[in-house]
Structure formats: structure tokens, C-alpha cells
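Residue numbers (my numbering), protein chains in the order written: chain A, 3 to 216; chain B, 3 to 216; chain C, 3 to 216; chain D, 3 to 216.
Ideal Cβ placement from N, Cα and C applies to all residues, glycine included.
Please read these numbers as outputs of a predicted model, since none were measured by experiment.
Number of protein chains: 4
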Amino acid sequence: MPRLSPSEAAPTPDEHCAKRRQILTGARAVFLEHGFDGASMGEIAKAAGVSKGTLYVYFADKHSLFVAIVEAEIHDQGWGSFDFSADTDVERQLRGFGQAYIQTLCKPRSSSAIRTVMAIAERMPEVGRSYYERVIAQTVRRLGEALKRQVEAGVLKIDDCEFAASQFMMSCQASLFLPFVFQATPQPTPERIAAVVDSATRMFLAAYRVPSSS
Amino acid sequence: MPRLSPSEAAPTPDEHCAKRRQILTGARAVFLEHGFDGASMGEIAKAAGVSKGTLYVYFADKHSLFVAIVEAEIHDQGWGSFDFSADTDVERQLRGFGQAYIQTLCKPRSSSAIRTVMAIAERMPEVGRSYYERVIAQTVRRLGEALKRQVEAGVLKIDDCEFAASQFMMSCQASLFLPFVFQATPQPTPERIAAVVDSATRMFLAAYRVPSSS
Amino acid sequence: MPRLSPSEAAPTPDEHCAKRRQILTGARAVFLEHGFDGASMGEIAKAAGVSKGTLYVYFADKHSLFVAIVEAEIHDQGWGSFDFSADTDVERQLRGFGQAYIQTLCKPRSSSAIRTVMAIAERMPEVGRSYYERVIAQTVRRLGEALKRQVEAGVLKIDDCEFAASQFMMSCQASLFLPFVFQATPQPTPERIAAVVDSATRMFLAAYRVPSSS
Amino acid sequence: MPRLSPSEAAPTPDEHCAKRRQILTGARAVFLEHGFDGASMGEIAKAAGVSKGTLYVYFADKHSLFVAIVEAEIHDQGWGSFDFSADTDVERQLRGFGQAYIQTLCKPRSSSAIRTVMAIAERMPEVGRSYYERVIAQTVRRLGEALKRQVEAGVLKIDDCEFAASQFMMSCQASLFLPFVFQATPQPTPERIAAVVDSATRMFLAAYRVPSSS
DNA sequence: TATGAATGAGGGTTCATTCAT
DNA sequence: AATGAATGAACCCTCATTCAT
Chain A
3 MPRLSPSEAA PTPDEHCAKR RQILTGARAV FLEHGFDGAS MGEIAKAAGV
53 SKGTLYVYFA DKHSLFVAIV EAEIHDQGWG SFDFSADTDV ERQLRGFGQA
103 YIQTLCKPRS SSAIRTVMAI AERMPEVGRS YYERVIAQTV RRLGEALKRQ
153 VEAGVLKIDD CEFAASQFMM SCQASLFLPF VFQATPQPTP ERIAAVVDSA
203 TRMFLAAYRV PSSS
Chain B
3 MPRLSPSEAA PTPDEHCAKR RQILTGARAV FLEHGFDGAS MGEIAKAAGV
53 SKGTLYVYFA DKHSLFVAIV EAEIHDQGWG SFDFSADTDV ERQLRGFGQA
103 YIQTLCKPRS SSAIRTVMAI AERMPEVGRS YYERVIAQTV RRLGEALKRQ
153 VEAGVLKIDD CEFAASQFMM SCQASLFLPF VFQATPQPTP ERIAAVVDSA
203 TRMFLAAYRV PSSS
Chain C
3 MPRLSPSEAA PTPDEHCAKR RQILTGARAV FLEHGFDGAS MGEIAKAAGV
53 SKGTLYVYFA DKHSLFVAIV EAEIHDQGWG SFDFSADTDV ERQLRGFGQA
103 YIQTLCKPRS SSAIRTVMAI AERMPEVGRS YYERVIAQTV RRLGEALKRQ
153 VEAGVLKIDD CEFAASQFMM SCQASLFLPF VFQATPQPTP ERIAAVVDSA
203 TRMFLAAYRV PSSS
Chain D
3 MPRLSPSEAA PTPDEHCAKR RQILTGARAV FLEHGFDGAS MGEIAKAAGV
53 SKGTLYVYFA DKHSLFVAIV EAEIHDQGWG SFDFSADTDV ERQLRGFGQA
103 YIQTLCKPRS SSAIRTVMAI AERMPEVGRS YYERVIAQTV RRLGEALKRQ
153 VEAGVLKIDD CEFAASQFMM SCQASLFLPF VFQATPQPTP ERIAAVVDSA
203 TRMFLAAYRV PSSS
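Written as C-alpha cells, this is what we have:
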């Protein structure tokens with residue numbers, strides 16, 4: 003039996019994926035704004051521009067949709083785009099990464115995701131763990147590897163490079179991230195971020211830079 | 003007939019306070035475990051061992067009860083008990099405070115509160131701000147003052163002591179707090195905490211200690 | 003065992019009656035404003051200035067209290083004070099009564115009572131019946147008797163005086179009471195009432211006055 | 003396979019309207035019996051044969067449903083069907099209308115609606131006003147116009163025809179409507195109504211008929 | 001596939017009533 | 001007698017989910 007027109011029958015994979023993405027986009031907005039419990043499937047459907055029933059064609063239930071959102075956030079938030087090879091000078095490397103990192107971290111989108119995932123981590127440990135591993139820990143690991151290369155180049159002296167990476171990243175957050183997520187201060191300006199990252203870089207190098215032999 | 007104990011007779015302020023505390027205790031457990039939206043007044047009533055109606059005798063609504071819980075946590079979590087005057091040696095001072103701080107921060111109770119308050123900060127900014135100000139910022143301030151004293155004693159050389167305090171505190175969290183709140187690692191052991199705080203202290207002093215003149 | 007002071011022991015009947023009246027006063031305000039279902043015992047207690055428990059010392063339940071209120075309204079609304087003997091001239095008699103009647107009927111207090119009792123009459127027929135009988139029907143009866151006296155005096159010619167009384171009273175309401183209870187018009191002014199009652203009186207006398215023999 | 007009936011297939015506007023009507027029917031029964039506050043959405047759902055949730059698919063809240071009920075009653079109660087042109091003889095016209103009017107007014111359905119709307123008029127003035135205007139006032143207006151035609155035909159002599167209409171309608175209620183709404187007497191018989199309306203007609207014509215010139 | 005009508009369990013909240021004091 | 005803390009049933013309403021179309 004020939005189909006009269008493709009649009010009247012089973013959707014093509016493209017259409018399927020498009021609608022799926024549409025749902026994810028709407029759901030992300032609602033989940034990140036209201037959290038898992040505060041988000042309602044009705045509001046998600048409206049935000050996605052589909053019917054409530056359609057949500058259940060693509061996702062088994064609210065939980066599955068939420069997991070998919072977190073999964074998507076893990077890939078889309080831009081944590082993978084930090085470029086550690088751009089610079090070989092350790093100071094510029096740290097400053098460049100640090101600023102990009104804090105800028106990303108303090109975007110409303112990131113902080114909403116962190117809030118939302120952190121909030122649910124007690125009841126959905128795998129979701130929390132997965133987000134941490136593939137977003138934060140992975141970034142720590144990549145910075146750690148960059149530091150390792152500097153150690154091997156004799157520029158830095160560090161025992162545990164991954165730990166040092168975490169140490170640097172945390173000190174870059176000083177006075178910036180926590181007050182921002184708790185809504186105690188507005189989103190930090192690039193200038194403020196640069197100053198804080200500068201200070202963190204100085205402290206880090208004071209501790210780990212191999213004294214120049216000159 | 004002599005009364006066995008006064009608590010069996012007087013129904014008034016003591017019992018009133020007692021029941022209030024009983025409700026707060028139950029509500030804290032439920033709110034901190036499930037978050038604001040995930041907690042139900044019915045579950046809270048059950049946890050507190052009172053009827054649902056009784057909740058509304060003591061608190062106007064769910065929001066008020068939640069605010070009271072956060073308020074209580076602000077006072078009860080032990081952030082105010084850090085003792086900065088115990089030691090005058092800067093290194094021991096930093097290590098002592100850092101360990102106590104991370105120990106407190108990484109207790110399940112603290113991390114649950116942080117998760118819960120952080121999650122709601124977007125919809126209840128005053129709650130988030132209040133928690134940050136009176137728990138975290140206050141601790142930063144107190145450490146900053148301690149550092150200032152060291153600066154005045156000529157031991158440290160720091161421009162912005164409060165910022166330096168935040169920097170130290172954040173670097174103490176390296177590899178410990180974030181994986182813990184995201185449920186990626188179990189509660190850190192005291193040994194691990196000690197090692198991390200040691201490292202943070204070394205880095206901090208490398209950057210800010212005035213070289214001994216000897 | 004002698005009582006130390008009367009105020010410390012069983013209250014005197016006076017006190018008892020006073021508190022009872024106090025409750026009735028508060029309850030009347032609340033019941034008449036919100037209706038039986040819309041009124042809450044808590045609000046009544048507050049309006050009466052007593053505790054909720056005290057209400058149940060004086061009245062078995064909400065229903066009993068409501069019945070008592072209606073009973074009190076039946077006596078207190080001033081429907082019994084119409085004076086038919088003040089005037090012997092039939093025209094002045096009708097006008098005088100008509101104005102007093104409509105004035106009373108269109109007071110907020112009367113219309114609230116009528117609304118409230120009428121609303122509940124389907125579920126509490128005895129309450130409705132009692133109110134009608136002892137307020138409205140009684141007034142009709144008294145006017146009917148006054149008319150009868152005029153008939154006996156040869157001034158009016160009426161078969162059924164009680165029915166004629168009702169007829170007069172209803173025609174006095176024309177354009178006044180219904181729009182007022184339905185909140186379509188404000189409380190009528192005395193002037194408007196006088197005009198309407200005048201017209202009703204003229205119509206009534208046109209139909210029932212014995213033509214003067216002169 | 004041919005469909006047996008269209009109603010078994012199309013789920014859309016017909017069924018939507020049908021269910022809406024079904025809800026309105028159930029809600030009317032409950033609201034008119036118990037009043038706004040006495041009616042519960044659960045009972046309405048049961049009476050309508052739908053689930054509680056379905057009510058909220060069709061109506062935003064209890065208040066909206068109630069307003070819709072009153073609106074429907076305004077149209078469905080048959081107040082618009084009085085025919086003033088059927089008769090040109092003024093006496094037969096008044097008698098015919100008067101009987102139809104009182105018959106309608108004293109049906110349980112009308113008196114329930116009046117009770118319910120009157121009861122809520124203090125808290126929902128627009129509802130009360132709307133009901134009065136579009137049911138009672140409109141009928142008064144239409145009778146007033148019919149009277150005006152009789153005035154223009156030289157049959158009646160009336161200054162304010164709308165007021166006279168109200169006067170006639172009120173006097174038709176004498177001894178009938180009030181005792182009925184207050185549940186003091188049963189629904190009046192057609193014979194009783196006829197007698198009362200006859201009397202009202204006689205009184206009205208005695209006052210307003212232009213004496214025949216013969 | 002996509003819909004949206006329909007559901008019923010459960011949400012927060014109120015309230016008439018009781019009872020120990 | 002008077003209280004007010006306590007209750008639990010019922011209130012209105014929301015929501016995740018299902019299902020016929």
C-alpha cells in the first residue's frame with residue numbers, strides 16, 4: 003500500500019529527532035528554572051510546543067525526561083571546549099583557562115544546572131554522580147594533564163597534578179561562585195573574574211612554580 | 003497527690019515550645035532530604051509525629067515553615083563555633099580552622115542544607131541570600147579578620163584579607179566538597195581532609211607569608 | 003467550703019448570660035455577612051472575643067448557634083415595633099406603616115438576614131419557616147388586623163384583609179427591595195421610599211376604599 | 003467499515019460541548035441545592051459523572067463554574083418567553099402574564115436560583131447584579147413596554163410605566179412567593195395563583211385604567 | 001505519531017469539633 | 001466555666017500519567 007504523502011504517515015527519523023530536540027529544549031528551560039519537583043509536565047509541554055501526550059511518546063516518564071535533560075546539559079554547556087594547548091606559558095595558560103572556567107561556571111545556565119542537579123543528587127545519586135564526573139571531574143582531569151605537561155617540562159613541581167588542578171579551580175571561585183548561586187551577588191563582571199583569577203594564579207605559581215635557575 | 007514532674011501538668015509555654023521544636027525537627031528531616039517542592043506537609047506531619055492540622059497552628063504555611071527551618075539551620079549548624087584565637091601560629095591556625103571548616107561543610111547535614119537552600123535560591127532569593135550571608139560570608143569575614151591580625155603582626159602580607167580568606171576556604175575544598183555533594187564520592191575521611199587542608203595551607207603561605215628575616 | 007470570691011468560682015447567671023450575648027453578637031455579625039457555610043467558628047470566636055472552645059460551652063454545634071442567631075434576629079430586628087394605632091386616617095396609616103416597613107426591610111441588617119435565612123431555607127426548612135412566620139407573616143397579620151378595623155369602620159371594603167395586607171406590603175417593595183438585595187442598586191433613600199409607598203397607597207385605596215358618600 | 007453513528011467517532015467539539023453541558027447540569031443541581039459555599043467540587047463531579055480533575059479542564063475554578071451556572075440559569079429559566087403581544091385586552095394581558103410570571107417564579111428551580119444568587123450577592127455583587135438585571139429587571143422592562151402601549155392606546159393612564167410594571171409584579175407575589183421561598187408553604191397551586199393574580203389585576207386596573215367614556 | 005480529554009491520587013490548607021487542663 | 005492545642009476529615013486544586021482517536 004503506497005503512502006499518499008510522507009507527511010501523513012510515519013515520520014522520518016529526522017522529524018523524530020527534531021521533535022525530540024524540541025521537547026528537550028522546552029524541558030530544559032522548565033527543569034532548570036523550577037527544579038525537578040517544581041517543574042510540571044504540563045508546563046514542559048507548553049514550553050516545548052507539543053501536547054502533554056507527546057512527551058510520553060518520547061520519554062517514559064518525568065524521571066527519564068529529566069535524566070535526558072541532564073545528559074544534554076552535560077554535553078551542551080561548553081565545559082569540553084576549554085583549550086589547554088593554546089598557550090605554553092604556564093601563567094597565561096592558567097589565567098586563560100581560569101577566566102574561561104569561571105565565566106562558564108557563573109553563567110545563569112550553568113548555575114541553574116548545578117543547582118538543579120545538586121538538589122536532586124540525594125534522591126538520584128547516579129544523576130549527580132554522572133554530572134559531576136562528566137562535567138567537573140573531566141575538566142579537572144584535563145587541567146591536571148596540562149599541569150602534568152608543565153611538570154614534565156620542568157616548569158612546575160607538583161606531586162598530584164589532578165589534585166592541584168582542583169585546587170586551582172576552587173581558588174578561582176573565591177568570592178565569586180558561591181555568593182552568585184545563593185543569589186547574594188549578581189553575576190560577576192569579566193573584570194572581577196580576571197582579578198580573582200589573577201590572584202589565584204599568583205598564589206598557585208607561588209606554591210608550585212619551579213624557581214627559574216637564572 | 004504530688005505530681006511526678008512538672009512537664010506532665012503545665013500545658014503552656016514549655017509544651018508549646020516543645021511541640022514547635024518537634025515540628026521543626028520533623029520538617030528539617032523532610033525538607034533537607036527532599037527539598038522544598040519534594041517535601042509534603044503530610045510527610046512532615048508524620049515525621050514530626052503530629053497531625054497535619056497542627057502544623058498550621060505553629061506555622062502559617064509551607065513557606066513559613068521552610069524559612070523557619072533554614073533560619074534554624076543557620077544557627078544550629080555550628081559555623082559560628084570556629085575558634086580563631088586558639089592559636090597564634092599562623093600555620094597551625096589555618097590548618098586548625100581549615101579542618102574544622104571542611105569537616106563541618108562535608109557533614110551530611112550541611113551538604114543537605116546547602117543543596118536545599120541553593121536549589122531554592124532562584125525562587126526565594128532572600129532565603130538564599132540570608133543563608134549565604136549568615137553562614138558562609140560570616141565565616142569568611144571572621145577568617146578575614148584573623149588574617150588581618152596576622153598581617154598587622156607582620157606575619158602575612160595581604161591586600162584584601164577577606165578575599166584571601168575566601169581563597170583559602172575554597173582551596174580547602176579542593177577534591178572534597180563538590181564530589182561529595184554530587185554524590186560522586188563518600189564523605190571524606192578526616193585524614194583526607196587533613197591532607198587537603200595541609201596542601202591548601204602550604205599554597206596559601208607560599209603566596210602570602212612574609213619571608214622570615216632570619 | 004466557702005468561696006473566696008465570686009469571680010473565681012462558678013459564674014453567676016448574669017455573667018453566663020452576658021457571655022452568651024457576647025457570643026450571639028459576634029456570631030450574628032459573621033453569619034449575616036458570610037452565610038451559614040461561609041462563616042467559620044474560628045472567625046465567630048474572634049468576633050465574639052472568646053475562645054473557640056467557649057462557643058461549644060454555650061452551643062452544641064454550629065447549627066445550634068445559627069438557629070439561636072436567627073431566633074435573636076427575629077426578636078431584634080424591629081419588625082414588632084410598627085405602630086398601627088397611631089393614626090386613624092387610613093391613608094396616613096398606610097403611608098406611615100409602608101415607609102417604616104420598607105425602611106426596615108431595606109436596612110443592610112435586614113437584607114443580610116433575609117439573604118442568609120432564605121439561602122438556608124432549603125436545607126433547614128424549620129429555620130426558614132420560623133423566620134417567615136414570626137417576622138413577615140406576623141407583620142402581615144398585624145397590618146391585616148388594622149385593615150380589618152378600617153373595614154369595620156366602613157372605610158375600606160376588603161374580603162380577605164390578611165391577603166390585602168400582603169398585597170399592600172408587596173406593592174410597597176416595587177422597584178426597591180429586589181434590586182437592593184441583588185446589589186443592583188444602593189440602599190434606597192427615604193425620599194424614594196416615600197414616593198413608592200405613596201404610589202402603592204394610592205393604588206391600594208383606589209381598589210379598596212369605600213367611595214365617600216358626599 | 004462504516005461507522006454506526008458519528009457520535010461514536012469524533013471526539014472533538016460535539017463531545018466537548020456535551021461533557022461541558024454534563025458538568026453544568028451536575029453543577030447546577032449541587033449549587034442550587036447547597037449554595038456556593040455548601041457545594042463541594044467533589045459532589046459536583048459526582049453529580050456530573052466526571053472526575054474532579056475534569057471539572058478543571060472545563061472551568062478554571064469553583065467561582066468560574068458558579069458564574070457559568072448562573073449565566074446558564076439566566077438564559078434557561080424561561081423568563082424570556084413571556085408573550086405580551088398575545089392579547090390586546092389589558093385585563094387578559096395582565097392576568098396571562100401575571101400567572102405565567104408567578105408560575106415561573108414559584109417553580110423550585112427558580113426559587114433555588116434566587117436563593118442561591120441572592121445569598122452570594124453580598125460577596126459577588128456582579129453576579130447578583132447580572133442576575134437581577136437580565137432576569138428580573140428585563141421582565142419588568144418588557145412589561146413596562148407593554149403597559150406603555152396600553153397607555154398610548156388610551157387604555158391606561160400611567161406616569162412611569164416601568165415602575166408600574168414592578169408594582170404589578172410585586173403585588174402578584176402577595177402571599178405566594180415569600181412564604182414559598184422561606185419554606186413556610188408548599189408550591190402554590192395554579193388555582194391559588196390565578197386568584198392572587200386576579201386580585202392584583204383588579205387592584206392595578208382600579209388605579210390605572212382610564213374610565214370608559216360610555 | 002500526535003493529540004488532548006480524562007483521571008485519581010495527592011498536593012496545601014481550612015475547619016468543626018474535642019479534650020485535658 | 002473557659003481555654004486553646006490538637007485533630008482528621010474535607011476542602012479546592014494540580015499533576016503525572018493513560019488512552020481512544
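- Each of A:153, A:142, A:62 was checked against the Cα of residue 22 (chain A), and the nearest Cα belongs to A:62.
- For residue 125 (chain A), the secondary structure class from DSSP, reduced to helix, strand or coil, is coil.
- For the 7 Å CB-CB criterion, residue 173 (chain D) and residue 173 (chain C) form a contact.
- Here DSSP, grouped into helix, strand and coil, assigns residue 180 (chain D) to helix.
- Along the region 168-187 of chain B, the positions whose C-beta sits under 7 Å from a C-beta of chain A are 168, 169, 172, 173, 175, 176, 177, 180, 181, 183, 184, 185, 186, read in chain order.
- Under DSSP, residue 211 (chain C) forms a beta bridge with C:158.
- Contact between residue 124 (chain A) and residue 117 (chain B) holds, with the beta-carbon distance rounding to 7 Å and staying under 8 Å.
- Under the Cβ criterion of 7 Å, residue 43 (chain D) is not counted among the residues facing chain C.
- Between residue 26 (chain A) and residue 74 (chain A), the C-beta gap is smaller than 7 Å, which places the two residues in contact.
- Counting C-beta pairs with one atom in each stretch, the region 134-153 of chain D and the region 62-72 of chain D have fewer than three that are closer than 8 Å, which means they do not touch.
- Contact note: residue 118 (chain A) reaches chain B through 121, using a C-beta cutoff of 8 Å and chain order.
- Contact of residue 100 (chain B) with chain A by beta-carbon distance below 8 Å is absent, the smallest such distance being about 12 Å.
- For the region 188-212 of chain A, the residues whose beta carbon sits under 8 Å from a beta carbon of chain B are, in order, 198, 201, 202, 204, 205, 206, 208, 209, 210.
- Look at residue 173 (chain C) here: in three-state DSSP terms it is helix.
- Neighbourhood of residue 130 (chain A) in chain B, by CB distance below 9 Å: 183, 184, 185, 186, in chain order.
- Taking a Cβ-Cβ threshold of 7 Å, the residues of chain D close to residue 39 (chain C) are 37, 39, 40, in chain order.
- Distance from residue 205 (chain D) to residue 206 (chain C) at the Cβ level is roughly 7 Å; contact confirmed, criterion being Cβ atoms closer than 8 Å.
- No beta strand (DSSP E) of 3 residues or more sits fully in the region 8-82 of chain D.
- Our two residues, residue 134 (chain A) and residue 48 (chain D), have alpha carbons roughly 50 Å apart in a direct line.
- Comparing alpha carbon positions, the residue from C:37, C:169, C:202, C:132 closest to residue 183 (chain D) is C:132.
- Here DSSP, grouped into helix, strand and coil, assigns residue 186 (chain D) to coil.
- From the beta-carbon of residue 138 (chain B), the residues of chain A found nearer than 9 Å are 180, 181, 184, 186.
- The beta carbon of residue 150 (chain C) is closer than 7 Å to those of 163 in its chain, skipping five residues each way along the sequence.
- Of the other Cβ atoms in all chains shown, 16 or more fall within 10 Å of the Cβ of residue 36 (chain D); this residue is therefore buried.
- DSSP assignment within the region 89-121 of chain A yields the following whole alpha helix (DSSP H) runs of 4 residues or more, N-terminal first: 92-107.
- Residue 165 (chain D) has a beta carbon lying within less than 7 Å of a beta carbon in chain C.
- Distance check between residue 168 (chain C) and each of C:30, C:45, C:103, C:213 places C:103 closest, using alpha-carbon atoms only.
- Cβ neighbours of residue 177 (chain A) within its own chain (closer than 7 Å, five residues either side excluded): 198.
- At a beta-carbon threshold of 7 Å, none of the residues of chain A lie near residue 103 (chain B); the nearest stands roughly 13 Å away.
- Counting of Cβ neighbours within 10 angstroms places residue 189 (chain D) among the exposed residues, the total staying below 16.
- By the neighbour-count definition (other C-beta atoms within 10 Å, threshold 16), residue 29 (chain B) is a buried residue.
- Contact with chain B is absent for residue 110 (chain A), since none of that chain's Cβ atoms lies less than 7 Å from the residue's Cβ.
- Here residue 119 (chain B) has 72, 129, 130, 133 as same chain residues with Cβ atoms under 7 Å from its own Cβ, once five neighbours each way along the sequence are excluded.
- Interface annotation for the region 50-70 of chain D against chain C: empty, criterion Cβ-Cβ distance under 7 Å.
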